[in-house]
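First the structure, in the form of structure tokens, and then the observations on it.
Numbering (the numbering used here), first residue to last: 304 to 483.
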């Protein structure tokens with residue numbers, strides 16, 4: 304979406320997107336420099352990449368990669384995302400990723416039925432803002448997350464992944480994580 308001081312993406316549906324080549328697929332992507340973003344009541348569903356590729360495949364239902372500010376991701380639904388055939392290592396499937404913000408709220412989202420032959424499968428991920436940000440991650444549901452990659456040395460499957468941003472505050476409570 305475009306740059307704005309306040310950006311609202313509300314009530315959108317992204318459905319039935321399919322790809323058959325290596326690369327990155329997003330249901331919703333914010334790469335703008337919007338200061339405040341309010342992403343609410345959106346549905347991203349039935350995204351697939353069927354490439355049987357030896358190069359990396361990445362899929363994210365909702366991806367935020369913008370400037371710091373207020374970031375609210377509330378009551379969104381992301382489901383039925385799949386990367387069923389990839390032969391590559393380093394493949395990633397994420398329901399929701401938020402990388403920047405000063406005050407970040409992830410609440411009331413449902414992320415489920417994410418499946419794939421991937422090394423990293425995550426319901427919600429953040430790499431964390433450098434600086435002092437406050438993340439509140441609450442009342443979300445992450446379930447039906449399944450990676451069929453056979454590798455004892457690489458990869459993982461997680462409901463919530465927090466990495467980076469060591470000076471940030473993370474309030475994580477009342478989330479449902481299951482069937483992983």
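The beta-carbon is built from N, C-alpha and C at its ideal position, and this holds for glycine as well.
| Query | Result |
| --- | --- |
| Option nearest residue 422 by Cα separation, candidates 367, 465, 451, 435 | 451 |
| C-beta contact flag for residue 337 and residue 309 at 9 Å | yes |
| Beta-carbon proximity of residue 345 to residue 331, cut-off 9 Å | yes |
| Contact set for residue 428: own chain, Cβ-Cβ below 6 Å, skip 5 residues either direction | 397, 400, 464 |
| Local conformation of residue 465 per DSSP, three classes | strand |
| Rounded Cβ spacing between residue 478 and residue 445 (contact assumed at less than 8 Å) | 7 Å |
| Burial state of residue 306, where buried means 16 or more other Cβ atoms lie within 10 Å | exposed |
| According to DSSP, residues forming a beta bridge with residue 460 | 424 |
| Minimum length 4: unbroken alpha helix (DSSP H) runs contained in the region 313–397 | none |
| Alpha carbon of residue 382 to alpha carbon of residue 317, nearest angstrom | 11 Å |
| Nearest-angstrom Cα separation, counted from residue 380 out to residue 387 | 21 Å |
| Rounded separation between residue 483 and residue 426 - CA only | 10 Å |
| Residue 316: CB within 8 Å of a non-hydrogen atom of the ligand ATP | Absence of the ligand ATP from the depicted structure is noted, as is the absence of any ligand whatsoever, leaving it without description. |
| The beta strand (DSSP E) enclosing residue 413, as first and last residue numbers | 413–419 |
| Beta carbon of residue 411 nearer than 9 Å to that of residue 384 | no |
| Start-to-end residues for the beta strand (DSSP E) that takes in residue 403 | Counting along the chain, residue 403 falls outside any beta strand (DSSP E), and DSSP gives it neither H nor E. |
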